[in-house]
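For what it's worth, this note's numbering labels the leading residue of the sequence shown as -17, then goes sequentially. We put the CB at the ideal spot given by N, CA and C, even for glycine. One structure below.
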Amino acid sequence: MRVLVTGAAGFYGSNFVNVLLGDDKVESIVGLDSYMHAEDFPIDPFNIIEDKNAFAKKFTLLKQDYRNLTAKTIDNLNVDAIVHYAALVSIPESMDKPLEYFDVNEYGVFKLTQELLKSKTQPFLVFASSPEVYGDPVYVPMDVNHSTRPKSTYAVTKLAGESHIKVMYLWYKYPICVIRNFNTYGENQSSTYRGYPAVVPAFITRALLNEPIVVHNDGKQTRDLTYVKDAVRAYAEAIHRKNSVNGMTLNIGTGIDTSIKELAEKIKKLTNSKSKIIFEKGRPADLPRLVADIKLTTEVLGWAPKFTLEQGLETAIAWYRKVLPQLQTAVGKRQ
Ligand SMILES: NC(=O)c1ccc[n+]([C@@H]2O[C@H](COP(=O)([O-])OP(=O)(O)OC[C@H]3O[C@@H](n4cnc5c(N)ncnc54)[C@H](O)[C@@H]3O)[C@@H](O)[C@H]2O)c1
């Protein structure tokens, strides 16, 4: 099998490439990325690759914008599956730069669907979506039939992306699968992200530098924190089980939620940090709770997370500790 991974130099993408390199059923991987993070993430995104030999033999990098992919270039790549991770991923940034988010996350996905429909090879498309599409929980854990009432531009663009992709399946029987990843953390996640870092890398780097850890509001809001190695394993299962997952939407998470306050305390303890935990007013439409129902995913993918939060955090912390001197120039730029 040949696989195209968009956003391959990003957090999910690079970890997914790492897993695919050890997969005997995958003969080659094309990684596509615009490298929009180059300044913000001042280290080689492929620093986490375990099998350097396989990387040299099986992996090709295309530095380009995924929005320029055409039916012809897709056919020339001749891949069996595309895993689409390339996106802008910050909720608050999407409120400050809505047009950019619309363009990359929604219009870009729409364009990709049109090119794929015109292609001769018609590769299986797996789309990385987000639980942010659910909005405030009506019940927990949230299964994939939970109502979708997005509360941010990011969430709207992800839901729209899902919808454009589902139309391909519903109207044309084009093979697709949508995967909603609950909050993922681990090696290679940017600790600055264009000035809008995700919570886990922000807390870890602050803790390692003994700087204050800033918790929004009272910190009682919860998230289902999933370790990246577990998450990308689910994607690897999905590309091999096209017939079982075709047309489906799946959740990836652990089914366990943790409050942001508890997360800050855990990270402080695991890093042996002197940081103070401080509370500040947060964003107005923050979701109070996100926790995944993963029964369907386990049933169709035979997948379940293996790492506990402590195990995942310890491994991630060890990585941030190692790369901190390199990351520090970017850490300094964080607001
Ligand atoms: N990390 C999470 O917790 C999480 C949760 C839910 C959903 N997701 C989704 O998973 C996917 C991957 O997220 P991530 O955390 O790895 O983000 P990331 O920012 O680390 O990776 C995204 C990559 O896409 C690239 N990219 C952005 N726009 C591009 C474009 N137009 N053309 C080509 N490349 C482009 C970036 O350079 C980056 O390397 C996204 O679609 C995101 O919405 C992530």
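From the DSSP secondary-structure annotation, give me the bridge partner or partners of residue i.
| i | result |
| --- | --- |
| N233 | R162 |
| L107 | I64, I158 |
| A10 | According to the sequence shown, residue 10 is Ser rather than Ala. Answer is R(-16). |
| K263 | Partner(s): none; K263 has no beta bridge. |
| R330 | With the chain covering only -17 through 317, there is no way to say anything about residue 330. |
| I342 | This structure does not reach residue 342, given that the chain is present from -17 up to 317, and the question cannot be answered. |
| F41 | I11 |
| M124 | A274 |
| Y209 | Y167 |
| S241 | T204 |
Using the beta-carbon count (16 or more within 10 Å), is residue i buried or exposed?
| i | result |
| --- | --- |
| A300 | exposed |
| I25 | exposed |
| Q292 | Note that residue 292 corresponds to Glu in the displayed sequence, not to Gln. It is exposed - the Cβ of E292 has fewer than 16 other Cβ atoms within 10 Å. |
| A(-10) | buried |
| S134 | buried |
| I11 | buried |
| W153 | exposed |
| P270 | exposed |
| N(-3) | buried |
| E21 | exposed |
| P194 | exposed |
| P266 | exposed |
| I30 | buried |
| T290 | exposed |
| N225 | exposed |
| L81 | exposed |
Give the straight-line distance between the Cα atoms of residue i and residue j, rounded to the nearest whole angstrom.
| i | j | result |
| --- | --- | --- |
| G92 | R188 | The residue you asked about is not Gly; residue 92 is Phe in the sequence shown. The alpha-carbon atoms of F92 and R188 are separated by roughly 38 Å. |
| N127 | Q203 | 22 Å |
| L306 | L191 | 9 Å |
| S129 | S173 | 32 Å |
| K248 | D200 | 16 Å |
| A180 | V197 | 12 Å |
| V158 | V108 | One point to set straight first is that residue 158 is Ile, not Val, in the sequence displayed. Going by the C-alpha atoms only, they are around 6 Å apart. |
| L3 | I56 | 21 Å |
| G(-5) | F261 | 33 Å |
| T103 | M150 | 15 Å |
| V1 | S101 | 27 Å |
| G264 | T(-12) | 32 Å |
| L252 | E296 | 7 Å |
| V214 | T208 | 10 Å |
| R303 | W285 | 30 Å |
Of all Cβ atoms in chain C, is any one closer than 8 Å to the Cβ of residue i?
| i | result |
| --- | --- |
| E32 | Any reference to chain C falls outside this structure, which holds one protein chain only. |
How about residue i: is its Cβ closer than 7 Å to a heavy atom in ligand 3?
| i | result |
| --- | --- |
| D212 | With respect to ligand 3, the structure shown offers nothing to examine, as its ligands consist of ligand 1. |
How about the segment 167 to 177 and the segment 106 to 114: do they share at least three Cβ pairs that are nearer than 8 Å? no
Examine the Cβ distances between the segment 140 to 156 and the segment 274 to 292 and report whether three or more of them are shorter than 8 Å. no
Hey, is the segment 224 to 236 in contact with the segment 83 to 103, meaning 3+ C-beta pairs nearer than 8 Å? no
Sufficient close CB pairs (3 or more, under 8 Å) joining the segment 37 to 44 to the segment 2 to 19: yes
Would you call the segment 92 to 101 in contact with the segment 237 to 246, where contact means no fewer than 3 C-beta pairs closer than 8 Å? no
Contact between the segment 70 to 77 and the segment 174 to 181 (3+ Cβ pairs under 8 Å): yes
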